[in-house]
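K.L.:
Once you've had a glance at the structure underneath, I'll fire off some questions.
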Amino acid sequence: MRIAIAGFSHESNSFSSQPTALEDFGVRAGDQLIPHYRDTFTELAGFIAGAAEQGFEPVPLFSASATPAGPLTRQAYEALVGRLLADLQAAGPLDGVLLALHGAMVAEHFPHADAETVHRLRAHFGPAFPIVVTHDYHANVPPSLAEEATALIIYKTNPHIDQRERGLQAAGIVARTVREEVRPVSALVKPELLFNIYHHNTSRPPMQPLMQAAIELEKQPGILACSIAAGYQYADVPWMGPSIAVVADGDQSLAQREAQRLGELMWTRREELKANPPKPVEAVAMAMASERFPVTLLDFGDNIGGGSTGDSTFLLAELLRQGAQGWVVTLYDPESAQACNRAGIGAQVALRVGGKTDTQHGPTLSVYGRARTLHAGTYEEHERRHGGGRHFDQGLTAVVAVGGPGREGLLVLNSERSSPNSIHQITCVGIQPQHQRILVAKGAVAPRAAYEPVSARLIEVDTPGATAIGRASSEYKLARKTLYEWR
Ligand SMILES: [Zn+2]
Numbered sequence: 015m016r017i018a019i020a021g022f023s024h025e026s027n028s029f030s031s032q033p034t035a036l037e038d039f040g041v042r043a044g045d046q047l048i049p050h051y052r053d054t055f056t057e058l059a060g061f062i063a064g065a066a067e068q069g070f071e072p073v074p075l076f077s078a079s080a081t082p083a084g085p086l087t088r089q090a091y092e093a094l095v096g097r098l099l100a101d102l103q104a105a106g107p108l109d110g111v112l113l114a115l116h117g118a119m120v121a122e123h124f125p126h127a128d129a130e131t132v133h134r135l136r137a138h139f140g141p142a143f144p145i146v147v148t149h150d151y152h153a154n155v156p157p158s159l160a161e162e163a164t165a166l167i168i169y170k171t172n173p174h175i176d177q178r179e180r181g182l183q184a185a186g187i188v189a190r191t192v193r194e195e196v197r198p199v200s201a202l203v204k205p206e207l208l209f210n211i212y213h214h215n216t217s218r219p220p221m222q223p224l225m226q227a228a229i230e231l232e233k234q235p236g237i238l239a240c241s242i243a244a245g246y247q248y249a250d251v252p253w254m255g256p257s258i259a260v261v262a263d264g265d266q267s268l269a270q271r272e273a274q275r276l277g278e279l280m281w282t283r284r285e286e287l288k289a290n291p292p293k294p295v296e297a298v299a300m301a302m303a304s305e306r307f308p309v310t311l312l313d314f315g316d317n318i319g320g321g322s323t324g325d326s327t328f329l330l331a332e333l334l335r336q337g338a339q340g341w342v343v344t345l346y347d348p349e350s351a352q353a354c355n356r357a358g359i360g361a362q363v364a365l366r367v368g369g370k371t372d373t374q375h376g377p378t379l380s381v382y383g384r385a386r387t388l389h390a391g392t393y394e395e396h397e398r399r400h401g402g403g404r405h406f407d408q409g410l411t412a413v414v415a416v417g418g419p420g421r422e423g424l425l426v427l428n429s430e431r432s433s434p435n436s437i438h439q440i441t442c443v444g445i446q447p448q449h450q451r452i453l454v455a456k457g458a459v460a461p462r463a464a465y466e467p468v469s470a471r472l473i474e475v476d477t478p479g480a481t482a483i484g485r486a487s488s489e490y491k492l493a494r495k496t497l498y499e500w501r
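Counting from 1, position 352 in the sequence shown corresponds to residue 366 in the numbering used here; the numbering is continuous, with no gaps.
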């Protein structure tokens with residue numbers, strides 16, 4: 015049995031000013047794919063382990079992914095989907111495909127680009143060919159994808175730490191389908207909710223009990239998979255919002271009935287889906303007044319993993335204004351990192367930092383300080399953290415000590431936008447988080463897996479930006495205006 019394995023993943027933010035081009039994608043192809051992913055916690059690692067477990071030959075094609083930002087250009091999408099189809103054709107006889115897609119990819123000419131990818135594979139292989147797809151928990155699943163995929167499996171955790179298990183589950187379903195031991199049939203239910211990112215943590219209500227119901231259902235006879243995607247509110251697409259996807263063995267009415275039941279269960283939580291976290295002024299004051307440190311401020315509006323710029327200055331400005339001490343702020347600012355590199359370690363530097371990508375993320379700020387550390391920017395994560403990655407690269411990175419006695423802080427200036435999924439983003443440059451007072455993590459729920467173990471407390475902050483927590487329905491063109499939160 016020969017099963018192709020491939021990944022094509024991007025979370026595309028319709029409110030980002032930065033389109034995603036072909037050169038933004040990192041690609042691992044052919045013989046590189048298995049060595050690169052085998053020891054990670056990604057769904058590709060699950061596909062690879064599943065091949066050994068199920069006794070099939072994995073045929074590695076390629077994996078392409080890019081840091082979340084704006085929608086893909088037409089050229090980027092067509093080049094990569096074209097390559098996927100070409101590689102499938104060149105792979106020789108295949109019995110099935112395992113495909114890791116994000117579920118919230120937008121291309122400039124396809125709002126639901128992942129569904130278009132599956133559609134093209136289905137058109138190529140015909141109706142009976144097994145195509146098992148995995149999605150991120152932030153997928154906006156359209157009905158056509160659930161119809162055209164043989165089975166859809168979605169992460170069950172946020173922070174995302176179960177991708178490997180979902181990859182294994184997908185591998186089991188594809189192998190059993192090829193052996194004709196099971197016949198997957200799917201149902202998709204889309205509750206008419208926006209389901210704000212503030213409530214996406216799978217360890218607490220309202221999502222925790224819903225996910226628990228999905229996990230329980232998956233143990234029932236006749237059910238092959240039960241998934242809940244919370245959706246991704248920053249993609250302005252027709253099917254933005256949560257999804258319940260149930261895959262049953264041959265029994266369509268069972269799949270439909272159970273998906274409906276879970277959809278109704280989600281609907282009963284609709285009054286709990288409001289979000290009102292503090293703004294920067296209040297959040298910084300709360301952090302400074304804390305009795306235990308460090309306090310991590312989650313910068314929702316500059317959520318890099320959600321497609322924001324990574325150079326927002328709203329929280330930095332407030333830390334400086336309130337005279338906080340012991341703070342650590344990471345900013346994407348290659349220009350300032352280079353300036354520190356030229357000045358050298360120990361040099362006094364006057365910098366203009368942050369707010370350079372666009373006008374949504376606060377003003378560029380003037381800071382004075384001492385270049386304390388220079389680093390090439392690579393670091394490794396061996397623990398299971400959001401995204402399941404192991405190797406990271408934030409490019410040339412400088413740490414600048416800013417402020418006088420009693421109000422010192424550390425500015426980490428990097429050259430690649432890097433979501434704070436690993437605490438080693440700051441430990442690799444010599445920062446000991448346990449000895450700091452206020453850490454700023456540019457994300458919503460994702461940084462929790464890395465920051466909860468080192469933080470006395472985490473505070474969610476309602477900051478402006480491409481990933482601001484609340485947007486008026488009038489800012490959306492394609493999303494359904496019938497969603498409960500907008501009525
Ligand atoms: Zn996600």
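We treat Cβ as the ideally placed atom computed from N, Cα and C, and that holds for glycine.
Small disclaimer: the values here were computed from a predicted structure and weren't measured.
Between the Cα of Leu98 and the Cα atoms of Ala455, Arg42, Ile62 and Ala480, which residue gives the shortest distance?
P.N.:
Counted from its first residue, the sequence shown places residue 98 at position 84. When only C-alpha atoms are compared, the closest one is Arg42.
K.L.:
Around ligand 1, what residues have a beta-carbon under 6 Å from a heavy atom of it, in chain order?
P.N.:
That gives Asp150, Tyr151, His152 and His174.
K.L.:
Can you find the residues in the same chain that come closer than 6 Å, C-beta to C-beta, to Arg11, ignoring five residues on each side of it along the sequence?
P.N.:
Not covered by the structure: residue 11. The range shown for the chain is 15 to 501.
K.L.:
Between Gly315, Thr81, Gly181 and Pro292, which lies nearest to Gln374 when the distance is taken from Cα to Cα?
P.N.:
Taking the first residue of the sequence shown as 1, we reach residue 374 at position 360. Closest by alpha carbon: Gly315.
K.L.:
Is Glu349 helix, strand or coil by DSSP?
P.N.:
For this step, residue 349 is matched to residue 335 along the sequence shown. Residue state, collapsed to three classes: helix.
K.L.:
Check this for me: beta carbons of Gln46 and Ala185, under 7 Å apart or not?
P.N.:
In the sequence shown, counting from the first residue as 1, residue 46 sits at position 32. In the sequence shown, counting from the first residue as 1, residue 185 sits at position 171. Contact flag unset, no.
K.L.:
Who are Leu405's beta bridge partners in DSSP?
P.N.:
Here residue 405 is taken as the residue at index 391 of the sequence shown, counted from 1. The amino acid occupying residue 405 in the given sequence is His; Leu does not appear at that position. BP columns for His405 point to Glu394.
K.L.:
So the beta strand (DSSP E) Tyr382 belongs to, where does it begin and stop?
P.N.:
Here residue 382 refers to the residue found at position 368 of the sequence shown. Unbroken beta strand (DSSP E) run through Tyr382: Leu379 to His389.
K.L.:
Quick test of the definition: if touching needs 3 or more C-beta pairs under 8 Å, does the segment 266-286 touch the segment 210-223?
P.N.:
Counting Cβ pairs under 8 Å, three or more are found: they touch.
K.L.:
For the alpha helix (DSSP H) containing Thr441, list its first residue and its last residue.
P.N.:
As a working note, residue 441 is residue 427 in the sequence shown. Looking at the DSSP string, the run of the alpha helix (DSSP H) that includes Thr441 is His438 to Thr441.
K.L.:
Flag this pair as yes or no: are the beta carbons of Gly383 and Pro377 separated by less than 7 Å?
P.N.:
Taking the first residue of the sequence shown as position 1, residue 383 is located at position 369. Taking the first residue of the sequence shown as position 1, residue 377 is located at position 363. No, Cβ-Cβ distance for Gly383 and Pro377 is not below 7 Å.
K.L.:
Suppose the cutoff is 8 Å on Cβ atoms and the five residues either side in sequence are ignored; what does the same chain contact list for Ala361 look like?
P.N.:
Here the question's residue 361 lines up with position 347 in the sequence shown. The answer, listed in chain order, is Cys354, Arg384 and Ala385.
K.L.:
List, from N- to C-terminal side, the alpha helix (DSSP H) runs of 4 residues or more that fit wholly inside the segment 223-295.
P.N.:
Those alpha helix (DSSP H) runs which fall completely within the segment 223-295 and span 4+ residues are 266-281.
K.L.:
Please return the same chain residues whose Cβ sits closer than 6 Å to the Cβ of Met302, not counting the five positions on each side in sequence.
P.N.:
In the sequence shown, the residue the question calls residue 302 occupies position 288. Cβ neighbours of Met302 beyond the five flanking positions: Ala338.
K.L.:
On the DSSP bridge assignment, give the partners of Leu424 in chain order.
P.N.:
Locating residue 424 in the sequence shown gives position 410, counting from the first residue. The partner list for Leu424 (beta bridge, DSSP) reads Val342 and Ala415.
K.L.:
Spatial neighbours of Glu474 within its chain, please: C-beta separation below 7 Å, excluding the five flanking residues on both sides.
P.N.:
Position 460 of the sequence shown, counted from the start, is the residue given in the question as residue 474. Cβ neighbours of Glu474 beyond the five flanking positions: Tyr212, Pro291, Leu312 and Phe314.
K.L.:
Report the option in Val459, Glu162 and Ser487 whose CA atom is closest to the CA atom of Glu130.
P.N.:
Counting from 1 along the sequence shown, the entry for residue 130 is found at position 116. Checked all of Val459, Glu162 and Ser487; the closest Cα to Glu130 is Glu162.
K.L.:
Quickly, what does DSSP pair Ile167 with across the bridge? List them, please.
P.N.:
Within the sequence shown, residue 167 is the residue found at index 153, counting from 1. Thr148, per the DSSP bridge assignment.
K.L.:
Is it true that the CB of Val342 sits closer than 7 Å to the CB of Leu424?
P.N.:
Taking the first residue of the sequence shown as position 1, residue 424 is located at position 410. Taking the first residue of the sequence shown as position 1, residue 342 is located at position 328. Contact: yes.
K.L.:
State the CB to CB distance for the pair Ala464 and Asn435, rounded to an integer number of angstroms; the pair is presumed to be in contact (CB under 8 Å).
P.N.:
The residue labelled residue 464 in the question sits at position 450 within the sequence shown. The residue labelled residue 435 in the question sits at position 421 within the sequence shown. About 6 Å; that satisfies the 8 Å criterion.
K.L.:
Output the boundary residues of the alpha helix (DSSP H) element that contains Gln362.
P.N.:
Here residue 362 refers to the residue found at position 348 when the sequence shown is read from its first residue. Counting along the chain, Gln362 falls outside any alpha helix (DSSP H), though it belongs to the beta strand (DSSP E) covering Gln362 to Val367.
K.L.:
Can you tell me whether DSSP reads Ala301 as helix, strand or coil?
P.N.:
Here residue 301 refers to the residue found at position 287 when the sequence shown is read from its first residue. In the structure shown, Ala301 sits in a helix (DSSP, three-state: H, G or I).
K.L.:
Starting from the Cα of Pro461, find the closest Cα among Pro235, Arg399 and Pro82 and give me that residue.
P.N.:
Numbered from 1 along the sequence shown, position 447 holds the residue referred to as residue 461. For Pro461, the nearest C-alpha among the options comes from Arg399.
K.L.:
Which of helix, strand or coil does DSSP assign to Ile48?
P.N.:
One-based indexing of the sequence shown puts residue 48 at position 34. Helix at Ile48.
K.L.:
Give the straight-line distance between the Cα atoms of Asn210 and Lys288, rounded to the nearest whole angstrom.
P.N.:
Against the sequence shown, residue 210 aligns to sequence position 196. Against the sequence shown, residue 288 aligns to sequence position 274. Taking the straight line from one Cα to the other gives about 8 Å.
K.L.:
Going by Cα to Cα distance, which pick from Tyr169, Ile237, Ala201 and Pro205 is closest to Thr216?
P.N.:
The residue labelled residue 216 in the question sits at position 202 within the sequence shown. Thr216 has its Cα closest to that of Tyr169, out of Tyr169, Ile237, Ala201 and Pro205.
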